[in-house]
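Residue numbers (the working numbering), protein chains in the order written: chain C, 282 to 989; chain X, 84 to 516. Virtual Cβ for every residue (Gly too), placed ideally from N, Cα, C. A short write-up of the structure that comes next.
Next up, the structure:
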């Protein structure tokens, strides 16, 4: 049998999983069939008293179900049947007359963990790659191999819901504590321990006594308590998703429908709901996105990459420190330079504080923090820059200053070193205008906070050479970023599409809209933050600067953005930074709902506000962004719709379940989109004029993603 | 004279670096000697831009070792992210521990066992292990054998309340039971060093150090550091008191022999935290890497005397011995860097070296060794003012010496130090051309 090897030792059958030509083991239809045969033969084999399930892969148990297989299913019945089949074979394993021990080294994810859950005993290694999770929800799915039934029965409803609704990773020691695994051992002892445990359980089945905390005792033991849990869980899901994602609700439904009943009826419910999710548009888009992101993990210019062992960062502010953080944690030496040593050490401090939080949470060893901090050298001069492979400047957004540091850096670095500017709006071509070597100058636009935001936008000019782009891409990959490479221009891609979105929010305010209505509408649409709250977070000063820079660009196209935000800034509003923004930030209050700062309405026509229909707000603001994205693709700023979708989702929080602006246009139908834009143009302004490319494509019935 | 070089292999000092020294309980009070060593190692590597993969050995001196990092050299090496395949060991030889680390490194290089060695030391006296008394410790160890809960009743049997008091590690001389201050009192009384001579020397040390800081002469050997968790920038030694004067010091009361003594807190070195390292290489390796060293090692040696009467006279014995070994005279030396444990010890040492009687009776020489010119001795301050982290001082002396050789355009430099146990070390360096 391909990918499975059975070995018998001391009355124990050891099932080795090792899918050929794959880095990881995945569950597939074929495996289900193979497994039936294996179970048949093991059942009859008198010599075998117990079974160990183990992987031959270096750091992977089973990574989950084969997504290609799931993506190819288009009919509800097929999807449900797939789940039923998988679920029934796993159920057979759970009821197998001889004990099964799951020996887990490396990731046990999704279906992989569900298989382990069906085993009678679980031993995990303490290998750093050993991790357990049910991440189906992130793909708009639910655990369809019995996970929604077995997990709550094993570890309790609340912990199980938390795992399934967040998809969070559980590391071995936590897993042992919560009862997800029975034992932990070092990788070398895994097989031996699993065999011992298997024989032990064959003699005497395990009886687990789960330790329950008082919350669990009160709530989970009775129907009334459980209904409180489900109600609360639904409330949290609604608050976080505004009902845009069906998967979490169906997960709750499966747990609710199965607990307190027989597992068989629970499994049937689970398969039914799994099928519904597989064919849901939300899951389709999320799986597309997953594949799109996976693709981005490959450097398109891999063969041109130059080695990276040391980088320099200019400017040790919040941005510079964030970049140092994601670099040094990947064992790349980082020189953090600022004008004064005090400032540079301040950057070092920000990194330390961020990582020290992890040490406190036991997510990092104190010793590992020491090693990481040893890789960050705070400096007030260019000593050591001759050994750097990439220098990233994160100084104040001022063209003159950026040119000055570029000139200084060029004097200090070798010919092999890339110079990257971390700017959010200044054209790289302008920054590189006086460079001695413009061929190695590019933009690396990180998003704040760098440690949390996954996107990196690399901006190349007409002079940037491929080796420089390739090396910057490689650095970004090492830093754990999802990367898009775009052509230079005002605002590049992300800032350029963000500007019309913000502009539209201000326009609606100018027309008398309410701050809370606008933000609520966009959160309901699927954005994580409303546009006006975003103004406060980014800083009204920054927004005014960007608005000014981008205004010139848009006016060339005959579109005049509103200037109100610049007036708001001039009046001293800077947002969260100085507690003066669209919302009020009373001192000392950090949690809870923010209150609108009604004083700011004086810039937008006074305190009497009117109600603007939610749908209008959503259409206008979303399409302000979407239409600009199509212009970016038309003029070549964007190289592909893939980049446009990734950039919008990870750079500005475009709803992932809509797949990004281009996927969303495709799913809407381009003709309908053009009609909508024309209607908006008529009603509001020519800023909504659909771009010629979009009209042309709509006319010819084309899609951005043809053939998919 | 025996030649010092072994198989013709010459050892060179590429450079040295240290973190600013801080009075204990101040700038580094939250750090362990392990942390200080990491910061100083990182500083040396950054200063020299050395590829850590070429390092063959790391050796650190330390005196009061931290229980959690018993081989601090290895632990700090790993904590600084240096390659795992570099062996490292920790040495201790009281106040000349770093000298021992450095000379061990020199031996590894000249015998061909290593090409690149980082040697120096680290010391935190803000973080000393305070332990339970012997009886209490014995009881604690016994509890591991207890089986039933009632066994714990045995624990208190025979323990008095005094046994629960903590015990601070002694800095008294083990063989004589005397504190180093008392020993120094004996020395100055015997050699005839007055209180005012001592105070004058101490004031000089502080003023020289303050002047050196003012002129930026110490910046060359210092790596500024941000200290977790607050990351206050520490970029200067905080020991030197430029405003000290003989009048002020004269008001202090004797610290050891009360009330008749002459040694006070003002003319003795203070408890200090710090770490310092030097980068040693074989001459060939330096040439291969294209590195210009600052000095080469000409000679070194050790001496030991009777700890009762000559505890701090190490330099008076080791200086003539190492000069003889090198075939040099005191007048050949341009740069003196001598460890200042006490003002009294420094003055006594100089007096002995300049005494025919001492030469005859103690050294078996017909002529005195000579007078150390004051302008060549510790002109940037010394342990009295900059501070004395026991395990690190030797590396500071070597670093200052090589920098001075270049700045003062000298040829030979002599480093000497005394240590508990009546030990002495002397090293002669030659400027590298």
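Mind checking the stretch 225 to 237 of chain X against chain C and listing, in chain order, the residues whose C-beta falls within less than 7 angstroms of any C-beta there? none
Hey, could you find the ends of the alpha helix (DSSP H) residue 424(X) is sitting in? Against the second chain, residue 424(X) aligns to sequence position 341. From DSSP, residue 424(X) is part of no alpha helix (DSSP H); its letter is neither H nor E.
Should the stretch 383 to 397 of chain C be regarded as contacting the stretch 335 to 347 of chain C, the criterion being three or more beta carbon pairs within less than 8 angstroms? yes
Cβ-Cβ distance between residue 375(C) and residue 332(C) below 8 angstroms: Your numbering for residue 375(C) matches position 94 in the first chain. Your numbering for residue 332(C) matches position 51 in the first chain. No, the Cβ-Cβ distance between residue 375(C) and residue 332(C) is not below 8 angstroms.
What do you get for residue 969(C), buried or exposed, if any count of 16 or more other CB atoms within 10 angstroms of its CB means buried? In the first chain, the residue the question calls residue 969(C) occupies position 688. When all chains shown are included, residue 969(C) counts as buried.
Please determine, among 951(C), 973(C), 941(C), the residue with the shortest C-alpha to C-alpha distance to residue 566(C). Taking the first residue of the first chain as position 1, residue 566(C) is located at position 285. If we check each option's Cα against that of residue 566(C), 941(C) comes out closest.
With contact counted as at least three CB pairs below 8 angstroms, one residue from each stretch, are the stretch 127 to 143 of chain X and the stretch 332 to 339 of chain X in contact? no
Expressed to the nearest angstrom, what Euclidean distance is found between the alpha-carbon atoms of residue 522(C) and residue 765(C)? Within the first chain, residue 522(C) is the residue found at index 241, counting from 1. Within the first chain, residue 765(C) is the residue found at index 484, counting from 1. Cα to Cα, the separation comes out at about 27 angstroms.
Output the distance between the C-alpha atoms of residue 556(C) and residue 362(C), rounded to the nearest integer angstrom. Taking the first residue of the first chain as position 1, residue 556(C) is located at position 275. Taking the first residue of the first chain as position 1, residue 362(C) is located at position 81. Those two C-alpha atoms are separated by around 8 angstroms.
Min CB distance residue 398(X) to chain C below 8 angstroms: Numbered from 1 along the second chain, position 315 holds the residue referred to as residue 398(X). Judged by the 8 angstroms Cβ criterion, residue 398(X) is not in contact with chain C.
To the nearest angstrom, how far is the alpha carbon of residue 633(C) from that of residue 954(C)? Counted from its first residue, the first chain places residue 633(C) at position 352. Counted from its first residue, the first chain places residue 954(C) at position 673. When rounded, the distance between both Cα atoms is 48 angstroms.
Do residue 474(C) and residue 330(C) have their beta-carbon atoms positioned less than 8 angstroms apart in this structure? As a first step, residue 330(C) must be located in the first chain, where it is residue number 49. As a first step, residue 474(C) must be located in the first chain, where it is residue number 193. No. Outside cutoff.
Considering only the beta carbon of each residue, do residue 336(C) and residue 386(C) sit closer than 8 angstroms? Position 55 of the first chain, counted from the start, is the residue given in the question as residue 336(C). Position 105 of the first chain, counted from the start, is the residue given in the question as residue 386(C). Yes, the pair counts as a contact, with Cβ atoms nearer than the cut-off.
Would you mind reading off the limits of the alpha helix (DSSP H) that contains residue 510(X)? Start at 1 with the first residue of the second chain, and residue 510(X) comes out as number 427. It is not in any alpha helix (DSSP H) - residue 510(X) instead sits in the beta strand (DSSP E) that spans 506 to 514.
Report the residues of the stretch 121 to 146 of chain X with a CB closer than 7 angstroms to any CB of chain C, ordered along the chain. 121, 125, 129, 132
Tell me whether the stretch 362 to 376 of chain X and the stretch 220 to 227 of chain X touch, counting them as touching only if at least three CB pairs, one residue from each stretch, are closer than 8 angstroms. no
Residue 381(X) vs residue 512(X) beta-carbon contact at 8 angstroms: Position 298 of the second chain, counted from the start, is the residue given in the question as residue 381(X). Position 429 of the second chain, counted from the start, is the residue given in the question as residue 512(X). Yes. Within cutoff.
Where does residue 861(C) sit, in a helix, a strand or coil, going by DSSP? Translated into positions along the first chain, residue 861(C) becomes position 580. Strand, per DSSP.
So what does DSSP say about residue 677(C), is it helix, strand or coil? On the first chain, position 396 is the one that residue 677(C) refers to. Note: residue 677(C) maps to coil in three-state DSSP.
Grab the span of the beta strand (DSSP E) containing residue 213(X) for me, first residue to last. Residue mapping note: residue 213(X) aligns to position 130 of the second chain, counting from 1. From DSSP, residue 213(X) is part of no beta strand (DSSP E); its letter is neither H nor E.
For residue 85(X), does the three-state DSSP call read helix, strand or coil? The residue given as residue 85(X) occupies position 2 in the second chain. Annotation note: pLDDT 46 at residue 85(X) (below 50); position unreliable, no value reported.
Using a cut-off of 7 angstroms between C-beta atoms, extract the partners of residue 163(X) located in chain C. Sequence index remark: in the second chain, residue 163(X) carries index 80 (1-based). Residues of chain C passing the Cβ test: 655.
Between the stretch 311 to 334 of chain X and chain C, which residues of the former have a C-beta closer than 9 angstroms to a C-beta of the latter? 311, 312, 313, 314, 315, 316, 318
Strictly below 7 angstroms CB to CB, what residues from chain C border residue 309(X)? For the purposes of this step, residue 309(X) is taken as residue 226 along the second chain, with counting starting at 1. Near residue 309(X) (Cβ distances below 7 angstroms), the residues of chain C are 626, 629, 630, 659.
At 3 residues or longer, and completely inside the stretch 164 to 244 of chain X: list those beta strand (DSSP E) runs for me, N to C. 171 to 174, 199 to 206
Opening and closing residue of the beta strand (DSSP E) in which residue 327(C) lies: Along the first chain, read from residue 1 onward, the residue named residue 327(C) stands at position 46. Here residue 327(C) belongs to no beta strand (DSSP E), and DSSP marks it neither H nor E.
Give a yes or no on whether the C-beta atoms belonging to residue 1026(C) and residue 893(C) are separated by under 8 angstroms. Given a span of 282 to 989 for chain C in the structure shown, any question on residue 1026(C) remains unanswerable.
For residue 85(X), I'd like the list of residues in its chain whose CB is within less than 8 angstroms of its CB, leaving aside the five on either flank, ordered along the chain. Along the second chain, one-based indexing puts residue 85(X) at 2. Note that residue 85(X) scores 46 on pLDDT, short of 50, meaning its location in the model is unreliable; the coordinates nonetheless yield the value given after this. Cβ within range, chain order: 408.
Please state the DSSP three-state secondary structure of residue 854(C). Here residue 854(C) refers to the residue found at position 573 when the first chain is read from its first residue. DSSP places residue 854(C) in coil when its eight states are reduced to three.
Please classify residue 161(X): does DSSP put it in a helix, a strand, or coil? Taking the second chain and counting its residues from 1, one reaches residue 161(X) at position 78. Looking at residue 161(X) - three-state DSSP - the assignment turns out to be helix.
Members of the stretch 666 to 697 of chain C that neighbour chain X once the beta carbon cut-off is set at 7 angstroms: 668
Run down chain X in chain order and give the residues with a C-beta less than 7 angstroms from the C-beta of residue 622(C). Working through the first chain from its first residue, we reach residue 622(C) at position 341. Here the neighbours are 307, 316, 318.
Neighbour flag for residue 284(C) against chain X, beta carbons, 8 angstroms: Residue mapping note: residue 284(C) aligns to position 3 of the first chain, counting from 1. Chain X contact via Cβ: absent.
Which value, in whole angstroms, describes the spacing of the CA atoms of residue 283(C) and residue 300(C)? Counting from one through the first chain, the residue named residue 283(C) turns up at place 2. Counting from one through the first chain, the residue named residue 300(C) turns up at place 19. Between residue 283(C) and residue 300(C), the C-alpha separation is close to 7 angstroms.
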